[in-house]
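**Student:** Before I ask anything, let me first share the structure, which is written out below as structure tokens.
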Amino acid sequence: MPELPEVETMARRLATHTTGSRILSVQVLDEKQDANLTQLVGHRIAGVRRVGKQCVLDLLRPRRRTVDRYLAVHLRMTGLLLWAPTLPDPLPHLRVRMDLDRGRGRGRGRGRERGRGRGRGLLLYQDLRRFGRLRLLEQKDLALIEPAGIDPTTDGFTIAALRQLLTPSRQPIKPWLLRQDRLVGLGNIYASEILFAARIGPDRAAQSLDTSEIKRLHQATRQVLARAIEAAGTTFYAIEAGRHVRGTFREQLAVYGQQDTPCPRCGEAVQRTVQAQRSTYYCGNCQE
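Right, dumping it as structure tokens:
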């Protein structure tokens, strides 16, 4: 399932291709998706951003100057939101297709936009298992997609806020990091990597961390996510201009999936255990 770095990567790349474009047509090819998506015809994409684990398109209605409609995309297990100049062949499991014009970007005048620019891009939603959802939201509905936990890439993620969340919990810190009502967007891979970087054992009770450990955890969370976003995530891929772009953070993993290989910090063998039915990788020597 795509986590914070993968969704952030997707939002940034889609923003590059689609901001300023008008939606010319919408085809909903899956009955599980919101039939109201056809109302998006004529809307202009004002921007693309991440909210928690969802990708959100800010939309301008025809003849409106302020954003008051939104397309929220939750990818879940196998969903993927793609941009392409033409329809890739083959493209299995296509669930929603939106034809876009060229938009107003890169210094094009309004006359050029109304002429040759149209029909020069597609926004496509592909989903093998059909768990993902596209929802058309009004301004009053935005609270529905606000995450319950703190986004660790925002200013709200402070050492004090992290300490306040950790203090009442006796849960082991590794499964604690996966709780979306605490911190948003951390998946299994990133939780293992963060704890290794912070030199904290995965079975430590959340409330047992002292001040220096909380500071290390805060710093490691910021740094691991920043590196993962820069590398386009771990498993993320998208079709852009007919080519595949894959996340390369997997090449930087220190412990995840590295069972029995030498720890990059001390040389001891990386270990694997199971917590809350999820694999945890760690160094028993470095992480206390």
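Going by our numbering, the first residue of the sequence shown is number 10, and it counts up by one from there. Here a beta-carbon is modelled for each residue, glycine too, at the ideal position from N, C-alpha and C.
Considering only DSSP beta bridges, list what leucine 192 is partnered with.
**Tutor:** Counting from one through the sequence shown, the residue named residue 192 turns up at place 183. Partner(s): Ile159.
**Student:** Have a look at Asp108, Ala55, Gln268 and flag the residue whose alpha-carbon is nearest the alpha-carbon of leucine 133.
**Tutor:** Taking the first residue of the sequence shown as 1, we reach residue 133 at position 124. Here the closest residue by C-alpha is Asp108.
**Student:** Between the Cα of aspartate 77 and those of Met19, Leu146, Cys64, spot the shortest distance and give me the residue it belongs to.
**Tutor:** Position 68 of the sequence shown, counted from the start, is the residue given in the question as residue 77. For the residues Met19, Leu146, Cys64, the minimum Cα distance to aspartate 77 belongs to Leu146.
**Student:** Closest to leucine 68 by C-alpha separation, out of Gln48, Ile168, Asp219, His52, would be which residue?
**Tutor:** Here residue 68 refers to the residue found at position 59 when the sequence shown is read from its first residue. When each option's Cα is compared against that of leucine 68, the closest is His52.
**Student:** Under the DSSP definition of a beta bridge, which residues are partnered with isoleucine 54?
**Tutor:** Mapped onto the sequence shown, residue 54 falls at position 45. Looking at the DSSP assignment, isoleucine 54 forms a beta bridge with Leu68.
**Student:** Determine the DSSP secondary structure at aspartate 150, reduced to helix, strand or coil.
**Tutor:** Along the sequence shown, read from residue 1 onward, the residue named residue 150 stands at position 141. Aspartate 150: helix per DSSP, three-state reduction.
**Student:** Please report the Cβ distance between arginine 138 and threonine 87, rounded to the nearest whole angstrom; I am assuming they are in contact, meaning their Cβ atoms lie under 8 angstroms.
**Tutor:** The residue labelled residue 138 in the question sits at position 129 within the sequence shown. The residue labelled residue 87 in the question sits at position 78 within the sequence shown. Sure, about 5 angstroms apart at Cβ, within 8 angstroms.
**Student:** Considering only the beta carbon of each residue, do cysteine 64 and alanine 20 sit closer than 8 angstroms?
**Tutor:** Numbered from its first residue, the sequence shown carries residue 64 at position 55. Numbered from its first residue, the sequence shown carries residue 20 at position 11. Their beta carbons are under 8 angstroms apart, which means cysteine 64 touches alanine 20 by this criterion.
**Student:** By DSSP, does arginine 106 sit in helix, in strand, or in coil?
**Tutor:** Residue numbering aside, residue 106 sits at position 97 when the sequence shown is read from its first letter. Reduced to three states, the DSSP call for arginine 106 is strand.
**Student:** Taking 7 angstroms as the limit between beta carbons, can you name the residues of its chain near glutamine 8, skipping five residues before and five after?
**Tutor:** Since the first and last residues shown for the chain are 10 and 297, residue 8 lies out of range.
**Student:** What does the alpha-carbon distance come out to for the pair alanine 214 and isoleucine 198?
**Tutor:** Translated into positions along the sequence shown, residue 214 becomes position 205. Translated into positions along the sequence shown, residue 198 becomes position 189. Computed Cα separation, rounded: 19 angstroms.
**Student:** With H, G and I counted as helix, E and B as strand and the rest as coil, what does DSSP make of threonine 282?
**Tutor:** Working through the sequence shown from its first residue, we reach residue 282 at position 273. Correct three-state label for threonine 282: strand.
**Student:** Could you name the residues of the same chain whose beta carbon sits closer than 6 angstroms to that of alanine 157, not counting the 5 residues immediately before and after it, in chain order?
**Tutor:** To locate residue 157, count along the sequence shown from 1; it is residue 148. Only Asp190 meet the Cβ criterion.
**Student:** Around the Cβ of aspartate 136, are there at least 16 other Cβ atoms within 10 angstroms (buried) or fewer (exposed)?
**Tutor:** Along the sequence shown, read from residue 1 onward, the residue named residue 136 stands at position 127. Buried, because 16 or more other Cβ atoms sit within 10 Å of the Cβ of aspartate 136.
**Student:** How would you call alanine 169, buried or exposed, if buried means at least 16 neighbouring beta carbons within 10 angstroms?
**Tutor:** Along the sequence shown, one-based indexing puts residue 169 at 160. Alanine 169 is exposed by the Cβ-count criterion.
**Student:** Please say whether arginine 85 and aspartate 110 have beta carbons closer to each other than 8 angstroms?
**Tutor:** Here residue 110 refers to the residue found at position 101 of the sequence shown. Here residue 85 refers to the residue found at position 76 of the sequence shown. Cβ atoms of aspartate 110 and arginine 85: not closer than 8 angstroms.
**Student:** Under the assumption that leucine 218 contacts alanine 200 (Cβ atoms under 8 angstroms), give the Cβ distance between them as a whole number of angstroms.
**Tutor:** In the sequence shown, residue 218 corresponds to position 209, counting from 1. In the sequence shown, residue 200 corresponds to position 191, counting from 1. About 14 angstroms; that fails the 8 angstroms criterion.
**Student:** Ignore the nearest five residues each way along the sequence and tell me which others in glutamate 17's own chain have a CB closer than 6 angstroms to its CB.
**Tutor:** Residue numbering aside, residue 17 sits at position 8 when the sequence shown is read from its first letter. Only Arg59, Ile238 meet the Cβ criterion.
**Student:** Between tyrosine 79 and isoleucine 209, what straight-line distance do the alpha-carbon atoms span, to the nearest angstrom?
**Tutor:** To locate residue 79, count along the sequence shown from 1; it is residue 70. To locate residue 209, count along the sequence shown from 1; it is residue 200. If you take the alpha carbons of tyrosine 79 and isoleucine 209, they lie about 40 angstroms apart.
**Student:** Let me confirm a value: glutamate 40 is counted as buried when at least 16 other C-beta atoms fall within 10 Å, else exposed. Which label applies?
**Tutor:** In the sequence shown, residue 40 corresponds to position 31, counting from 1. Glutamate 40 should be labelled exposed.
**Student:** Mind checking which residues open and close the beta strand (DSSP E) that includes serine 288?
**Tutor:** Within the sequence shown, numbered from 1, the residue matching residue 288 stands at position 279. Start and end: 287-291.
**Student:** One question on the structure: do proline 211 and proline 181 come within less than 8 angstroms of each other, judged by their Cβ atoms?
**Tutor:** Taking the first residue of the sequence shown as position 1, residue 211 is located at position 202. Taking the first residue of the sequence shown as position 1, residue 181 is located at position 172. Their beta carbons are under 8 angstroms apart, which means proline 211 touches proline 181 by this criterion.
**Student:** If proline 271 and alanine 263 are in contact, beta carbons under 8 angstroms, what's the gap, nearest whole angstrom?
**Tutor:** Working through the sequence shown from its first residue, we reach residue 271 at position 262. Working through the sequence shown from its first residue, we reach residue 263 at position 254. With a Cβ gap of about 11 angstroms, proline 271 and alanine 263 do not count as contacting.
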